[in-house]
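Read the structure below first, then the notes.
Protein chains: 2
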Amino acid sequence: MLVKKIEDVPAAQVQMEGAKNVTVRVLFGPDDNAPTFAMRLFEIDAGGHTPFHAHPYEHEVVVLEGEVILVSQSEEVPLEIGHVALVPPDEKHNFRNPSNSRPARMLCFVPVQYQK
Amino acid sequence: MLVKKIEDVPAAQVQMEGAKNVTVRVLFGPDDNAPTFAMRLFEIDAGGHTPFHAHPYEHEVVVLEGEVILVSQSEEVPLEIGHVALVPPDEKHNFRNPSNSRPARMLCFVPVQYQK
């Protein structure tokens, strides 16, 4: 078995176009021989956001700290600790941190073949 | 997209042989058309534990509340908030709550075909 402390995993800036003030830590992925799905921790700084985009795989999301707004083409849903979200494949979405001061943290799982 | 509050999802007692004082909430699974993996919230009461067993698929685990001991055939590792764990396929394991008074909560993800 493999146990990690989230804080021990290095965070990398998300460089995708449309991302602002977001870092990612790959907690379990191909390098850990995760068989089916990858676990990533995203930290979105105050005012930051992920790209508004779609892709052919799902997200399963858990908020660990702060608040994030999950945005789709038809709605905006605030998520905080105690909420979980499933974004189906091919649905346009992003996550943004509406706070002026607090970072937000969320786990986001994807099928492992899409975790580079 | 599909958003849930963990508390709104009903908890069911885990009836498997070897489980003691454990409930499960299926947050995302086959009924939600989760494509690849299922998200479940396990609550282990003080002194409770899951069965010590193995199966041909992995677990990815996140502790949300309290402390759990992840037990394998060779070691016992305490997990608390900030820890994540990957139990590979076919590795014997269980989770137990060592507290006399506090419940423990953890998310446990599995490939969706194994979520009944």
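First to last, the protein sequences are chains A and B. The numbers in the first sequence follow my numbering, run straight up by one, and end at 1086. The numbers in the second sequence follow my numbering, run straight up by one, and end at 1086. Glycine residues also receive a C-beta, built at the ideal position from the N, C-alpha and C atoms.
Within the DSSP bridge table, the entry for K990 of chain A names A:H1019 as partners. Secondary structure at V996 of chain B: strand, using DSSP grouped into helix, strand and coil.
In the three-state scheme derived from DSSP, where H, G and I count as helix and E and B as strand, E1061 of chain B is classed as coil.
DSSP lists B:H1019, B:I1039 as the bridge partner or partners of R1066 of chain B. DSSP lists no beta-bridge partner residue for H1025 of chain B. Each residue's CA atom was taken as its position, placing G999 of chain B and A1055 of chain A some 12 Å apart. Per DSSP, reduced to three states, the secondary structure at Q983 of chain B is strand.
Exclusion of the five residues before and after G1017 of chain B leaves no residue of its chain whose Cβ lies closer than 6 Å to its Cβ.
Collapsing the DSSP output to three states places I1014 of chain B in a strand. The beta-carbon separation of A982 of chain A and V994 of chain A, rounded to 6 Å, stays under the 8 Å limit for a contact. Residue burial is scored here from C-beta neighbours: E1013 of chain B has at least 16 other C-beta atoms within 10 angstroms and is therefore classed as buried.
Interface criterion not met: the Cβ of G999 of chain A is under 8 Å from no Cβ in chain B. Taking C-beta separations shorter than 8 Å and ignoring five residues to either side along the sequence, the partners of E1028 of chain B in its chain run L1056, V1057, P1058, P1059, V1080, P1081, following chain order. For I976 of chain B, the chain A residues whose C-beta falls within less than 8 Å of its own C-beta are G1052, H1053, V1054, listed in chain order.
Between P980 of chain A and the set A:M986, A:V973, A:L972, A:L997, the nearest pair of CA atoms involves A:L997.
In the three-state reduction of the DSSP assignment, E1030 of chain B falls in the strand class.
Assigned with DSSP and collapsed to three states, E977 of chain A falls in helix.
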